[in-house]
Amino acid sequence: MQSIRTTNRRRALAAAGSVLALTALTACSSVDDGGSSDGDSGDSGDSESMSTLADLQDAGSINVGFFGEVPYSYEEDGELTGATIELGRAIYGELGIGEVTGTQVEWGALIPGVNADRFDAVSAGMSILPERCEEVAFADPTIMYTTAFLVPEGNPEGLTDWQSVEGSGLTLAVTSGAIEAGYAEETDVDAMEVPDRQAGLDAVVSGRADAYALTGISLRALAEETDQPVEATEAFTATINGEPQIGAGAEVFRQDDTELLDAYNEQLATYLEDEAAWLEIMEPFGFSAAEFPPSGLTAEQLCDPDQDLSDLADELGMDY
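Now the structure itself:
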């Protein structure tokens, strides 16, 4: 099956190479101190170390890696906030972990960072992809998202969906390591990689790029924040090589932290069964019922490299 999945495996292997570099930084994390919140990295003299969940509950705090992308996870006036952060605060609080702190890193350093124990989890709305599932454990989907383009005011090129940029000769800015970069590699799209949203905005404003591709909700927020003459197109479900891409974001954990993952999923399920409770947390950040995960969608399905996404979308009654 030709899809974004194949290209992202090559990207994931390249990203894994940065683990060695990050390992030297692990002493900075709360999970590596003598009062460690990760039982696997500290030894208090007990014959058996506590699980990560037990350690975090004992410490009453969890340190999450984040990218700094509005509206998912970012700092505002020195305070960590965002939709995934606030949902995490509610879930971790119910697990007896009352404080959520953060470590901001580049997107490509999120997975290596959690695996190097630089932080305890990743809270960034990261898309669940089989290649990433080989390296980390994803919670069940917490959010759904679509794709959009940031374009000059008036959308002079008339961009509407991914097919409108394929073979066009236009230059599309994409965030390094993000799913849209993989879309570009899989299709006939001339892309330039940028490190973050500000660089994507700058590329469009300066004319170095004709558009910037990112999740629809992120670009709506970016267009509203800036005074630059840009706008976000209507969001769409990207179809890559004839296959709809199911954009589902989730919290990320180390593969060995199964107890923490299971506890998180158990609490998450109460929100996924109650759309009103989910919206109460997410709406202030611009999320709506359109981003609420459909019933029956799991990380296991999206981690399966043999999963036919068209069949899955049809099974779940998703529009694309």
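Here the working numbering is used: position 208 in the sequence shown is 588, and no number is missing along the way.
For glycine and all other residues, C-beta sits at the position ideal for the given N, C-alpha and C.
Classify residue i as helix, strand or coil using the three-state DSSP reduction.
i, result
"residue 602", "helix"
"residue 570", "strand"
"residue 693", "helix"
"residue 441", "strand"
"residue 540", "coil"
"residue 630", "strand"
"residue 432", "helix"
"residue 623", "strand"
"residue 447", "coil"
"residue 616", "strand"
"residue 564", "helix"
"residue 546", "coil"
"residue 670", "helix"
"residue 687", "coil"
Would you give the residue range spanned by the alpha helix (DSSP H) that residue i belongs to?
i, result
"residue 662", "655-662"
"residue 581", "577-586"
"residue 649", "638-652"
"residue 552", "No alpha helix (DSSP H) contains residue 552, which is instead part of the beta strand (DSSP E) from 551-555."
"residue 680", "679-683"
Between which two residues does the beta strand (DSSP E) harbouring residue i extend?
i, result
"residue 716", "It is not possible to answer for residue 716, since the shown part of the chain is limited to 381 through 700."
"residue 611", "610-612"
"residue 593", "591-595"
Look at the alpha carbon of residue i and the alpha carbon of residue j, and state the distance between them as a whole number of angstroms.
i, j, result
"residue 545", "residue 667", "27 Å"
"residue 507", "residue 472", "21 Å"
"residue 489", "residue 565", "20 Å"
"residue 689", "residue 677", "11 Å"
"residue 430", "residue 577", "39 Å"
"residue 639", "residue 547", "47 Å"
"residue 416", "residue 482", "With a pLDDT of 35 at residue 416, under the threshold of 50, the predicted position of this residue should be treated as unreliable, though the coordinate-derived value follows. Rounded to whole angstroms, residue 416 to residue 482 spans 16 Å at the Cα level."
"residue 533", "residue 593", "15 Å"
"residue 410", "residue 434", "Its pLDDT being 39, under 50, residue 410 is placed unreliably by the model, and the measurement read from it follows with that caveat. So the alpha carbons of these two residues sit roughly 15 Å apart."
"residue 476", "residue 537", "51 Å"
"residue 649", "residue 554", "33 Å"
"residue 652", "residue 644", "12 Å"
"residue 659", "residue 669", "7 Å"
"residue 445", "residue 485", "7 Å"
"residue 517", "residue 455", "25 Å"
"residue 598", "residue 557", "16 Å"
"residue 702", "residue 464", "The structure shown has nothing for residue 702, since the chain only spans 381 to 700."
"residue 460", "residue 674", "28 Å"
"residue 686", "residue 522", "22 Å"
"residue 502", "residue 491", "8 Å"
"residue 474", "residue 535", "45 Å"
"residue 691", "residue 621", "15 Å"
"residue 672", "residue 458", "29 Å"
"residue 588", "residue 550", "10 Å"
"residue 398", "residue 466", "The predicted model places residue 398 with a pLDDT of 40, which falls under 50 and marks its position as unreliable; any figure quoted below should be read in that light. Between residue 398 and residue 466, the C-alpha separation is close to 29 Å."
"residue 504", "residue 696", "25 Å"
"residue 439", "residue 662", "27 Å"
"residue 441", "residue 462", "18 Å"
"residue 468", "residue 619", "30 Å"
"residue 579", "residue 540", "22 Å"
"residue 412", "residue 515", "Any reading at residue 412 needs caution, since the residue's pLDDT is 40, under 50, leaving its predicted position unreliable; the model's value is listed next. Cα to Cα, the separation comes out at about 20 Å."
"residue 641", "residue 609", "43 Å"
Cβ of residue i less than 7 Å from any chain D Cβ?
i, result
"residue 561", "No chain D is present in this structure, which holds just one protein chain."
Would the segment 581-596 and the segment 556-573 be scored as touching if the rule is three or more Cβ pairs under 8 Å? Yes, the segment 581-596 is in contact with the segment 556-573.
Length at least 3, wholly inside the segment 452-536: the beta strand (DSSP E) runs in chain order: Within the segment 452-536, the complete beta strand (DSSP E) runs of at least 3 residues are 454-456, 459-461, 479-484, 501-507 and 527-532.
Is the segment 436-456 touching the segment 598-614, taking contact as three or more C-beta pairs under 8 Å? Enough Cβ pairs lie closer than 8 Å, so yes.
So does the segment 498-515 actually touch the segment 629-647, counting three or more Cβ pairs closer than 8 Å? The answer is yes - the segment 629-647 touches the segment 498-515, with three or more Cβ pairs under 8 Å.
How do the segment 492-499 and the segment 631-650 stand: do at least 3 beta-carbon pairs fall below 8 Å, yes or no? The segment 492-499, when compared against the segment 631-650, does touch it at the 8 Å Cβ threshold.
At least 3 beta-carbon pairs within less than 8 Å: the segment 523-533 vs the segment 610-622: Cβ pair count under 8 Å is three or more, so yes.
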